[in-house]
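Novice: Below you'll find the structure I mean.
In the working numbering, the protein residues as written are 1314 to 1444.
Structural data, given as structure tokens:
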């Protein structure tokens, strides 16, 4: 009778330990999933800030008002973004990598970075303006 009580106690303790491990694993998966989701959201915000700056730059190219440091842009210069240099808590910067003039078009190669310290997004694009 005493050995049966001992076996029952050990079985109960083992099952309790197994249940505790399962619950601990579930809690770990939930918290790590939440952290990943938060990082994904921050990256999405950084990417949207960079996309917004690219739309602003295209608008400036189309209007002929693209400037770098208050002057017309040349290769390697940082593009003036005005109020778009800080979007949603992200520091946004843009650089004119290359500007090529041909007889039929002007081609701009641009790099945009949005950075908050925790997350960073970078967009490189080429825009061709027909003449």
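Heads up, the beta-carbon is just placed ideally off N, CA and C, and yes, glycines get one too.
Fair warning: this is a prediction, and the values are worked out from it, not measured in the lab.
Among the residues of its own chain, which have a CB less than 8 Å from the CB of residue 1383, if the five just before and after it don't count?
Specialist: 1393
Novice: Under the criterion of a Cβ to heavy atom distance below 7 Å, does residue 1387 qualify as lining the ligand ATP?
Specialist: Within the structure as shown, the ligand ATP is missing, as the structure has no ligands at all.
Novice: Around the Cβ of residue 1418, are there at least 16 other Cβ atoms within 10 angstroms (buried) or fewer (exposed)?
Specialist: exposed
Novice: Measuring straight from C-alpha to C-alpha, what distance separates residue 1370 and residue 1332?
Specialist: 57 Å
Novice: Mind checking which residues open and close the beta strand (DSSP E) that includes residue 1424?
Specialist: 1418 to 1428
Novice: Cβ atoms of residue 1339 and residue 1434: under 8 Å apart, would you say?
Specialist: no
Novice: Pop quiz: residue 1366 and residue 1397 are said to be a contact at Cβ under 8 Å. What is the actual Cβ separation, rounded to whole angstroms?
Specialist: 5 Å
Novice: Here's a check: name, in chain order, each residue in its chain whose Cβ is nearer than 8 Å to the Cβ of residue 1443, leaving out the five neighbours to either side.
Specialist: Counting only residues of its own chain and dropping the five nearest sequence neighbours on each side, residue 1443 has a CB closer than 8 Å to the CB of 1417, 1418.
Novice: Between residue 1423 and residue 1440, is the Cβ-Cβ spacing less than 8 Å?
Specialist: yes
Novice: Hey, quick one: how far does the beta strand (DSSP E) through residue 1440 stretch, first residue to last?
Specialist: 1433 to 1443
Novice: Work out the CA separation of residue 1358 and residue 1380 for me, nearest whole Å.
Specialist: 26 Å
Novice: Output the distance between the C-alpha atoms of residue 1343 and residue 1356, rounded to the nearest integer angstrom.
Specialist: 20 Å
Novice: Residues in the same chain with beta-carbon distance under 8 Å from residue 1388, minus the five sequence neighbours each way, listed in chain order, please.
Specialist: 1409, 1410, 1411, 1412
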